[in-house]
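**Student:**
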Amino acid sequence: MVNSAALTELPMLFFSQGKAKNVVIKMLSAAGTGFFYTTTKNPRNVTRKLSLRKYDPIVRQHVIFNEAKIKKG
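Residue numbers (the working numbering): 38 to 110.
Structure below.
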């Protein structure tokens with residue numbers, strides 16, 4: 038037996054999803070230690086590559102971290 042009230046409800050609408058606004062990026066140490074941080078960036082607002090001064094625990098100093106691509110796979 039099917040409930041007739043359930044048949045009269047509005048059907049659910051499915052909309053296509055847009056692109057994600059934020060992308061995950063890797064901040065690689067310029068000291069050459071291989072240490073990195075990950076963070077997010079909105080490419081619509083920040084079109085240039087990021088460069089931040091952060092702490093590298095391997096050399097125990099604050100150094101420049103440059104944006105690098107994350108290898109997939």
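Ideal Cβ positions, reconstructed from N, Cα and C, are used throughout, including at glycine.
#1: Do you know offhand how far residue 105's Cα is from residue 51's?
#2: For residue 102, write down the residues that DSSP places opposite it in a beta bridge.
#3: Restricting to Cα atoms, I'd like to know which of 54, 60, 55 and 72 is closest to residue 103.
#4: Does DSSP classify residue 77 as helix, strand or coil?
#5: Taking buried to mean at least 16 other C-beta atoms within 10 Å of its own C-beta, is residue 107 buried or exposed?
**Tutor:** In short:
#1: Indexing the sequence shown from 1 puts residue 105 at position 68. Indexing the sequence shown from 1 puts residue 51 at position 14. Looking at the two C-alpha atoms, the distance is approximately 36 Å.
#2: What you label residue 102 is simply residue 65 of the sequence shown in a count that begins at 1. Answer is 66 and 89, bridged to residue 102.
#3: For this step, residue 103 is matched to residue 66 along the sequence shown. Looking at the Cα atoms, 72 is the closest of the given residues.
#4: Along the sequence shown, read from residue 1 onward, the residue named residue 77 stands at position 40. Note: residue 77 maps to strand in three-state DSSP.
#5: Sequence index remark: in the sequence shown, residue 107 carries index 70 (1-based). Flag for residue 107 reads exposed.
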